[in-house]
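One structure is given here, and the rest of the page talks about it.
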Amino acid sequence: MKETKYIFVTGGVTSSLGKGIIAASLGKLLQARGFKVTNQKLDPYINVDPGTLNPYEHGECYVTVDGHEADLDLGHYERFLNAPTHRANNITTGRIYQNVINKERRGDYLGKTVQIIPHITDEIKRNIKLLGSKGEFDFVITEIGGTVGDIESLPYIESVRQLRWELGRNCLIVHLTYVPYLAAAKELKTKPTQHSVKALQEQGVQADILILRTEHEISMEMRKKVALFCNVEPSAVMQSIDVPTIYRVPMNMQHEKLDEVVLTKMGFDLAKTPEADMDKWIKFVEKLEGAKEEVRIGIVGKYVQLPDAYKSIIESLIHASAYNNKKLKLDLILSDKLTEENVEKKLCKLAGIIVAPGFGQRGMEGKFTALKFAREKNIPCLGICMGMQTMSIEFARNVLGLTDANSTEIDPNTSNNVVDIMDEQKNILDLGGSMRLGAYKCKLKKGSKVYDIYKKENISERHRHRYEFNNEFKQRFEDAGMMCTGLNEESNLVEIIELKSHKWYIGVQFHPEYSSTVVNPHPLFINFIKAAIEK
Ligand code: GLN
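Each residue of the sequence shown is one higher than the last, beginning at 283 in the numbering used here.
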């Protein structure tokens, strides 16, 4: 069995430096050299997973194929590496403690006092090494959430310290810091980096590679100075300069020789390792940056004040626009504020509209208004999850004449609940699950628009919801031209609706945005943008 190597990415000075993008970029570069790589994220918060977090707290909740509600960084990993992640790729402090406490209750610790060291750290290490235990990967790249020095991340850094000893050369630490530019002094400052490296050292961890986030080029001289103060070789001090698109970061890090330095430090003979093949990636970035003409798309949702809440949708739109040689111009439209009076003004310039996922009542009416507008004006429109559910309700109210149509999520007493909990869902709920989560099969109807788009009959897409299209209304919808063109046959659930007479009006109960990647953009988004730019 091959020996897995473990790389840790930590961060200092401030949060939001883009550790996830750096970790994903390193993963990409190693993968492009032919290695098998997976990225993992350790989150220092006490929630067992981000499923219960409000998007305003933590951005989008990403969902893996195996139904894990995960940190949005897993979305970056999948988009960069074009490979699925799973439950084991995202661990939180809450989950670590939950596991340890369960073991303690079972008596697994044989009467010992359960402590942070060794029990919590052992559980952290077990979860890191789990990914490498099957010999599936050459590299496991683990990103540690938070900033060095936070109380919350102490057990993680301590685990890294221990692993460093246990694994020797098979373990490496990349530390990302920030080099601020003082405009008044016209100078870049390395002191925060020095402090950050010291904070790491105080916890017994020596960084092997330093990546300095910066808005200005960092000179060789300055790199040497950082190297001297921080116990790293000058060649292992790299910059990550601001770029117009995150998709440039792997190329920039390749230019900084991040992959080469990692491999050399981990004992590889560079002469025997192929260069990274970044051809497809570079072609995508060239398309993305070369596009001149704009396509203007609106996302109607209730979390638009924080664009991270729609991270995967936005990235999917970026991929799809680039593949259509267009530059994405994005309008984020707060559904709460959308009314019959202002809808024309707010949406008339859009070439396409996405009605976003979401939970609960707030912003529902605005979504109906946007949908009615898109439906009547023949504007391409994609409804995702709650977006498909609102599509159904709007259609029932305004076309079928069921004026009180609703979802039982919003109005438990409605008689025309076109969106409801179906039998299959009741089974899941009875089993203690709270949602349909992860990948489910879907069969597409031949002759439909979606069949044309996917070019196959059987697809699999990821879900995250409780409510479903109510089958009782299926016939009436189809008679009026809203076709149910994607079905989950096992549980008889409607997964896709599309309006026959419309240019492009499709609602999907699943989340296509979770599976759009740079080299494999999602066909629904590509086709949606194509329809949006068609005259
Ligand atoms: N609120 C809806 C449900 O639970 C949709 C959820 C979503 O959009 N992810 O079914």
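Beta carbons are placed, not taken as given, at the ideal position from N, Cα and C, and that holds for glycine. Just so it is clear, the structure is predicted and the values come from calculations on it, not from any experiment.
Rounded C-alpha distance that separates residue i from residue j
i: S697; j: N688; result: 8 angstroms
i: R369; j: G414; result: 14 angstroms
i: P589; j: E568; result: 24 angstroms
i: T374; j: K407; result: 13 angstroms
i: K731; j: E780; result: 8 angstroms
i: N752; j: V701; result: 5 angstroms
i: D618; j: T672; result: 14 angstroms
i: R446; j: D705; result: 51 angstroms
i: K708; j: V347; result: 21 angstroms
i: M765; j: I595; result: 24 angstroms
i: Q380; j: G763; result: 50 angstroms
i: R387; j: N329; result: 20 angstroms
i: R451; j: S603; result: 43 angstroms
i: G300; j: G293; result: 9 angstroms
i: I402; j: I410; result: 13 angstroms
i: G309; j: F317; result: 9 angstroms
i: G427; j: A814; result: 38 angstroms
i: E750; j: T685; result: 19 angstroms
i: R748; j: A591; result: 19 angstroms
i: H350; j: P366; result: 12 angstroms
i: L620; j: L614; result: 12 angstroms
Where residue i falls: helix, strand or coil (DSSP)
i: R505; result: helix
i: Y288; result: strand
i: G450; result: helix
i: I439; result: helix
i: H745; result: strand
i: S522; result: strand
i: A721; result: strand
i: E360; result: helix
i: N809; result: helix
i: N660; result: coil
i: I500; result: coil
i: Y592; result: helix
i: K756; result: helix
i: N372; result: strand
i: N409; result: helix
i: A306; result: helix
i: S598; result: helix
i: S251; result: Outside the displayed range of the chain (283 to 817) lies residue 251, so it cannot be described from this structure.
i: C512; result: helix
i: R578; result: strand
i: V422; result: strand
i: N699; result: strand
i: L629; result: helix
Beta carbon proximity, residue i to chain C, threshold 7 angstroms
i: G642; result: The question asks about chain C, but that chain is absent: this structure has only one protein chain.
Residue closest to residue i, alpha-carbon to alpha-carbon, out of the options
i: A305; options: T424, G341, T367 and R361; result: T424
i: F362; options: Y787, I564, Q483 and Q671; result: I564
i: R505; options: P532, G341, L470 and E405; result: L470
i: L492; options: E515, K473, E484 and G486; result: E515
i: E795; options: E772, H358 and N680; result: H358
i: P326; options: I410, S435, Y787 and V347; result: S435
i: N607; options: V347, L570 and N624; result: L570
i: K738; options: C724, C630, D390 and R744; result: C724
i: R679; options: N624, Y749, R758 and E626; result: R758
i: K782; options: T767, A489, H793 and T367; result: T767
i: D404; options: E418, S441 and K385; result: S441
i: A509; options: H537, Y529, E542 and K473; result: K473
i: V291; options: I433, R443, G417 and I399; result: R443
i: F655; options: N513, D490 and Y787; result: Y787
i: L616; options: N364, K785 and R644; result: R644
i: V681; options: V625, L464, E448 and E760; result: E760
i: N371; options: V422, Y338 and P337; result: V422
Presumed contact (8 angstroms Cβ cut-off) between residue i and residue j, rounded CB distance
i: P694; j: C667; result: Actually they do not touch by this definition, with Cβ atoms about 20 angstroms apart.
i: K631; j: K609; result: Not a contact, Cβ separation roughly 15 angstroms.
i: D251; j: K287; result: Shown here, the chain extends from 283 to 817; a query on residue 251 therefore has no answer.
i: V790; j: M670; result: 6 angstroms
i: F807; j: S798; result: 6 angstroms
i: Y733; j: P805; result: The Cβ separation is near 11 angstroms, so there is no contact.
i: L354; j: E342; result: 5 angstroms
i: V800; j: H601; result: 6 angstroms
i: A352; j: V430; result: Wrong, their Cβ atoms sit about 23 angstroms apart, outside the cutoff.
Legend entry - Touch test, the stretch 567-584 against the stretch 624-643, Cβ-Cβ under 8 angstroms, three pairs minimum: yes
Legend entry - contact_flag[the stretch 653-664, the stretch 719-727] where n(CB pairs < 8 angstroms) is 3 or more: no
Legend entry - At least three beta-carbon pairs within less than 8 angstroms, the stretch 496-508 to the stretch 457-470: yes
Legend entry - At least 3 beta-carbon pairs within less than 8 angstroms: the stretch 391-407 vs the stretch 294-305: no
Inset, instruction - Evaluate contact between the stretch 332-351 and the stretch 306-323, counting only Cβ atoms and requiring at least three cross-stretch pairs below 8 angstroms. - result: no
Legend entry - Touching by the beta-carbon criterion (3+ pairs, under 8 angstroms), the stretch 768-776 and the stretch 646-654: no
Inset, instruction - Evaluate contact between the stretch 510-530 and the stretch 548-556, counting only Cβ atoms and requiring at least three cross-stretch pairs below 8 angstroms. - result: no
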